[in-house]
Structures are given as C-alpha cells and as structure tokens.
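I have placed the structure first, in the form of structure tokens, so that the comments after it can refer back to it.
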Amino acid sequence: MRKWILLLVALALLLPLAPALPDEGRGIVTHVMDGDTINVQGYGSIRLADVNSPELTAPGGPEAKEYTRNQLLNKSVHLDLDNKTGQDRYGRNVSVVFLSKTDGSVGENFNRMLVDSGHAIVEDAKDNEFDPMQWWKPPVPLPGDGKNDGKKFVGSAKSNKYHYPDCQWAKKIKSENEVWFSGSEDARGKGYVPCGVCHPP
Ligand SMILES: [Zn+2]
Numbered sequence: 016m017r018k019w020i021l022l023l024v025a026l027a028l029l030l031p032l033a034p035a036l037p038d039e040g041r042g043i044v045t046h047v048m049d050g051d052t053i054n055v056q057g058y059g060s061i062r063l064a065d066v067n068s069p070e071l072t073a074p075g076g077p078e079a080k081e082y083t084r085n086q087l088l089n090k091s092v093h094l095d096l097d098n099k100t101g102q103d104r105y106g107r108n109v110s111v112v113f114l115s116k117t118d119g120s121v122g123e124n125f126n127r128m129l130v131d132s133g134h135a136i137v138e139d140a141k142d143n144e145f146d147p148m149q150w151w152k153p154p155v156p157l158p159g160d161g162k163n164d165g166k167k168f169v170g171s172a173k174s175n176k177y178h179y180p181d182c183q184w185a186k187k188i189k190s191e192n193e194v195w196f197s198g199s200e201d202a203r204g205k206g207y208v209p210c211g212v213c214h215p216p
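Count along the sequence shown from 1, then add 15; that gives the number in this note's numbering.
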C-alpha cells in the first residue's frame, strides 16, 4: 500500500514535466460556446490554444460557432492540455483539440481546421506551451497582399517552374526562395516554364 502512495506522489511530481501529447485528455463535447470555446465532459470549459474566432456579436462570429458546432458537438475529442499556464484569465482550460477517429485514435488538429476554414486567425499567446507554427504553416501570400503585389505567378529560385500561388507545389516553396512574376511573359522571359500540375498559361 505504502509503495502505491509513493508511486502516486512520484507521478504527481512528474506530471508538470509530462511532454505535450494529443491524448492528455479525451471526452465528449457537450456544448459549443463560440468558434474557439467548447465544453468537454470531464474537462469543463476549453479555450482553443493560439487561435481566435470572431466574437458572436462580430461579423463571422455566428458562422464560426456554427462550424465548430457542426464539427464537434456530441463528438469525442482528444485534448493536448496546456501544461505551462493551464488556464486563461477566464478560467478556461487552454488546449489544442483533435478530432477522434472512429477507431479511437487521434485525428485531425481542430485548431488548425478552424484556421484553415477561415473561422479563426492564429494568435500565439506566449504564456502557453504551444507554438502554433508547429501545427500551422502560413499560406503562400496571394496576389495583392504584400511583396507580390499585383504579381500572378510564383516560382522558386531553386527550380525553373512557375505556378499559380494556390498550387500544391507553390505552397512548398520556402518563402526566402519565392520569385514572383507579373504574368506568363514575365515568367517565361526569365527562363521559367509552366508547372505541369497547375498549368498556368
Ligand atoms: Zn503548379
């Protein structure tokens, strides 16, 4: 008996050092408050880590809530709970939420799904254990936003192909290697040829 108590004490001491794992928690989503806040049975209020959905009263807020409700309500999720600060200032448990597959294993990262679906933006709260860049990569900027202003196609300094910016191969180009072109003539004139996957003109 005494051995067991010692073991439990040892485990309790080790817990704060436990590595971040997507299966630290598991439960059924009983309520969806808004896009980024849910209730999970046995874990109370869960605030999705490092993402921010619009408030319910703001444009996009009700749509974000609807998305989360459709994806998660009454479903089983896995939780990677924050082991650093744990709760936000409203007492909600900060967590990365994962869908559960039918076989019970860990599925897709829902924080990322929320961002990719356009219902949240990434906001790295530095007081938790998570680095959102480990689960989310910024998309290649689309024409009109920033350095590629007005440019239509993108290539890599390490290859001779040019792509539509949303091509799967364009997304793999490291940002420091991106070369942007105003059009096909510009790209071809610089020795680039069209990608065989996205077929730019
Ligand atoms: Zn392509």
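We put the beta carbon where it would ideally sit given N, CA and C, even for glycine.
Residue range Lys176 to His178 is occupied by the beta strand (DSSP E) that includes Lys176.
Within the stretch 41-88, the runs of beta strand (DSSP E) that reach at least 3 residues and sit entirely inside it are, in chain order, 52-55 and 59-63. Judged by DSSP secondary structure, Val130 falls within the alpha helix (DSSP H) whose first and last residues are Phe125 to Asp131. A distance of 8 Å or more separates the beta carbons of Val109 and Asp38. A heavy atom of ligand 1 is found nearer than 7 Å to the CB of Ala185.
Exclusion of the five residues before and after Gly76 leaves Asp49, Gly50, Ser68, Pro69 and Glu70 as the residues of its chain whose Cβ lies within less than 8 Å of its Cβ. For Glu193, there is no enclosing alpha helix (DSSP H); the residue is part of the beta strand (DSSP E) that begins and ends at Glu193 to Phe196.
Across the set Ala73, Asn124 and Cys182, the C-alpha of Cys182 shows the shortest separation from the C-alpha of Cys210.
Only residues of its own chain outside the window of five on either side were considered, and among them Asn108 and Val109 have a CB closer than 8 Å to the CB of Gly101, listed in chain order. In the DSSP assignment, Gly170 falls within the beta strand (DSSP E) that extends over Phe168 to Ser171. Taking C-beta separations shorter than 6 Å and ignoring five residues to either side along the sequence, the partners of Pro216 in its chain run Ser199, following chain order.
Per DSSP, Ser199 is one residue of the alpha helix (DSSP H) stretching across Ser199 to Gly204.
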